[in-house]
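Report on the structure given below.
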Amino acid sequence: MSTIIVNDIEIEVTRKNIKNIHLSVHPPDGKAKISSPIYVNDDALRLFVLSKIDWLQNQIFRFKSLEKIKEIDYTTGEIHYFFGKPYSLNVIEIDKGSTKAELRNKKNIDLYVKKGSSKEQREKIMKEWYRKELKEEIPPLIEKWEEIIGEKVEGFGVKQMRTRWGTCNTKDRRIWINLELSKKAPHCLEYVVVHEIMHLVERGHGPFFQRLMDQFYPNWRDIKQELNRI
Numbered sequence: 001m002s003t004i005i006v007n008d009i010e011i012e013v014t015r016k017n018i019k020n021i022h023l024s025v026h027p028p029d030g031k032a033k034i035s036s037p038i039y040v041n042d043d044a045l046r047l048f049v050l051s052k053i054d055w056l057q058n059q060i061f062r063f064k065s066l067e068k069i070k071e072i073d074y075t076t077g078e079i080h081y082f083f084g085k086p087y088s089l090n091v092i093e094i095d096k097g098s099t100k101a102e103l104r105n106k107k108n109i110d111l112y113v114k115k116g117s118s119k120e121q122r123e124k125i126m127k128e129w130y131r132k133e134l135k136e137e138i139p140p141l142i143e144k145w146e147e148i149i150g151e152k153v154e155g156f157g158v159k160q161m162r163t164r165w166g167t168c169n170t171k172d173r174r175i176w177i178n179l180e181l182s183k184k185a186p187h188c189l190e191y192v193v194v195h196e197i198m199h200l201v202e203r204g205h206g207p208f209f210q211r212l213m214d215q216f217y218p219n220w221r222d223i224k225q226e227l228n229r230i
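Numbered according to the UniProt record's numbering, the sequence shown spans residues 1 to 230.
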């Protein structure tokens, strides 16, 4: 058994008496494995993985996201990220008034909850707050990049996605942004917005799309790798 590295992803290689190459990703942490015919060398395996790289990165992201979600209890002292910066969660139980989350002193997130609230109820409040904040950041980015790229976005939405950072409905000219981007650095959000708007020019991810991204957002590959390492 050996390993190969492709786009900073370590992949465990097992050679067997089989006819085809099989690439797989395994829980709980998204470990990548490849089964290969005995005669296929490492360079050929790397090329095969590169042909499947979008699928592979999405699967790894999905498993890692699920693992992180399991670890969150929404209790005082937990570290939660907001646009790439860590904040300490401070849970405040209230008898009356509105439940909410808000930043305090650039170090804390105060989470106001009803007494006896469940983990699920606290999570819902946090997600509503993340969604509100993310929705405020997206329109200026769309407006900026509409002008630069020369394409018009008819609408946008925010939703939880397990395997993608964003999607584009080219027919309706509407883009969707992953709620998790509210926790990542601002340049990650901008990259995804640019990526999805670019699909209004080119639907696929082939060479033409990549050349467009190189032209309009030269460091996009670095940010893509950053997101897929998270």
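From the three backbone atoms N, C-alpha and C, an ideal C-beta is built for every residue, glycine too.
Check, Outcome
"Per-residue burial, Lys183 [other beta carbons within 10 Å of its own, 16 or more giving buried]", "buried"
"Close Cβ partners of Leu212 (< 7 Å) along its chain, the five nearest in sequence each way excluded", "Met198, Val201 and Glu202"
"Sub-9 Å separation of Ile94 and Leu56 beta-carbons", "no"
"Continuous beta strand (DSSP E) assignments of at least 3 residues falling wholly in the segment 16-64", "22-26 and 31-37"
"Neighbour-count burial assignment, Gln59, 16 or more Cβ in a 10 Å radius", "buried"
"Member of Ile38, Lys107, Trp176 and Lys100 whose CA lies at the smallest distance from the CA of Tyr130", "Lys100"
"DSSP bridge partner residues for His80 (one or two, in chain order)", "Tyr87"
"Buried/exposed call for Gly30, threshold 16 Cβ in 10 Å", "buried"
"Any 3 or more C-beta pairs closer than 8 Å across the segment 44-52 and the segment 14-30", "yes"
"Local Cβ density within 10 Å of Ile92, reported as buried at 16 or more and exposed below that", "exposed"
"Boundaries of the alpha helix (DSSP H) in which Val193 is found, first to last residue", "Pro186 to Met198"
"Helix, strand or coil at Tyr217 [DSSP, three-state]", "coil"
"Cβ neighbours of Val6 in the same chain (closer than 6 Å, five flanking residues each side left out)", "Arg46 and Val49"
"Which listed residue (Ser98, Asp110 and Ala32) has its alpha carbon closest to that of Gly77", "Asp110"
"Contiguous beta strand (DSSP E) assignments of at least 3 residues, all confined to the segment 99-179", "100-104, 108-114, 155-159, 166-169 and 174-178"
"Asn228 classed as buried or exposed, judged by whether at least 16 other C-beta atoms fall within 10 angstroms", "buried"
"Thr3, enclosing beta strand (DSSP E) - first and last residue", "Ser2 to Val6"
"Counted within 10 angstroms of its Cβ, other Cβ atoms place Tyr39 as buried (16 or more) or exposed", "exposed"
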